[in-house]
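Here's the structure, in structure tokens; my notes come after.
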Amino acid sequence: MDKRDLYDSFGEMEQQMQQMLDKMAKLRADMTTVLEKNAELVIENEHLREHMVEIENELPKKPTSTTTLSKSRQNLEKLYDEGFHVCNQFYGKRRDDDESCVFCLEVIYGERERA
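My numbering runs 54 ahead of the 1-based position in the sequence shown.
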């Protein structure tokens, strides 16, 4: 191998290594961005979970015993548990994804004035 060819080969390898170093630096920067975003999302997720727990604690609780309910309210509770609304606004309509309905819960478990 000629000295000039050897020198040119080293020059080409140097260029390739520089390109590889540039790619590595870009990958490192991209990885840093992804890790920062991931950390932000983890923190946001924790806050959302805490907020969900707060909201769930504020929702009215179903009584553990249905014996305190009248027969008619027990029937309404059964319909509600089967996935139907029992409130005045949406009576008889199916609840989307069995989401809880504050109006229905008020009808079933709320205190009523006796006339």
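Heads up, the beta-carbon is just placed ideally off N, CA and C, and yes, glycines get one too.
If Val-161 sits next to Leu-130, beta carbons under 8 angstroms apart, how far is it from one beta carbon to the other, in whole angstroms?
To locate residue 161, count along the sequence shown from 1; it is residue 107. To locate residue 130, count along the sequence shown from 1; it is residue 76. Between Leu-130 and Val-161 the Cβ distance is about 6 angstroms, and since that is below 8 angstroms, they are a contact.
Taking Cβ positions, are Phe-138 and Gly-146 nearer each other than 8 angstroms?
Locating residue 138 in the sequence shown gives position 84, counting from the first residue. Locating residue 146 in the sequence shown gives position 92, counting from the first residue. Result yes, Cβ atoms of Phe-138 and Gly-146 sit closer than 8 angstroms.
Bridge partners for Arg-172 per DSSP, in chain order?
Limits of the chain in this structure are 55 at one end and 169 at the other, which puts residue 172 out of reach.
By alpha-carbon positions, which one of Lys-80, Gln-73, Tyr-163, Met-55 ends up nearest to Thr-122?
Looking up residue 122 in the sequence shown gives position 68. Nearest C-alpha to Thr-122: Tyr-163.
In angstroms, rounded to a whole number, what distance separates the CA positions of Ser-124 and Met-106?
Locating residue 124 in the sequence shown gives position 70, where the first residue counts as 1. Locating residue 106 in the sequence shown gives position 52, where the first residue counts as 1. Computed Cα separation, rounded: 32 angstroms.
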